[in-house]
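S.K.: Numbering (UniProt numbering), first residue to last: 1 to 59. Here it is: the structure, laid out below.
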């Protein structure tokens, strides 16, 4: 019996939200240029960490 490893999506979402917690997103506005920039950078860092720490290097 075997099972696939757990999804890394939850970990990535938590990391993105933790990064964004340090910024005043409500004041900036969700769709403002600066707000979008922070979101994109948070996603970039979270997915880079996922690839470095949560992936299977042999895959």
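Yeah, the Cβ is synthetic: ideal placement off N, Cα and C, and Gly gets one too.
Would the stretch 47-56 count as touching the stretch 22-38 if we require 3 or more Cβ pairs under 8 Å?
M.R.: Verdict: no, contact absent.
S.K.: Check whether the stretch 11-21 and the stretch 39-53 touch, using three or more Cβ-Cβ pairs below 8 Å as the test.
M.R.: Counting Cβ pairs under 8 Å, three or more are found: they touch.
S.K.: Let me know the secondary structure DSSP gives residue 23 once reduced to three states.
M.R.: Here residue 23 refers to the residue found at position 23 of the chain shown. Three-state result, residue 23: coil.
S.K.: Rounded to whole angstroms, what's the CA-CA distance from residue 8 to residue 44? Just pull it up for me.
M.R.: To locate residue 8, count along the chain shown from 1; it is residue 8. To locate residue 44, count along the chain shown from 1; it is residue 44. Whole-angstrom Cα-Cα distance: 15 Å.
S.K.: For residue 21, which option in 38, 10 and 1 has the closest C-alpha, if you only look at C-alpha atoms?
M.R.: Here the question's residue 21 lines up with position 21 in the chain shown. Nearest of 38, 10 and 1 to residue 21, Cα basis: 38.
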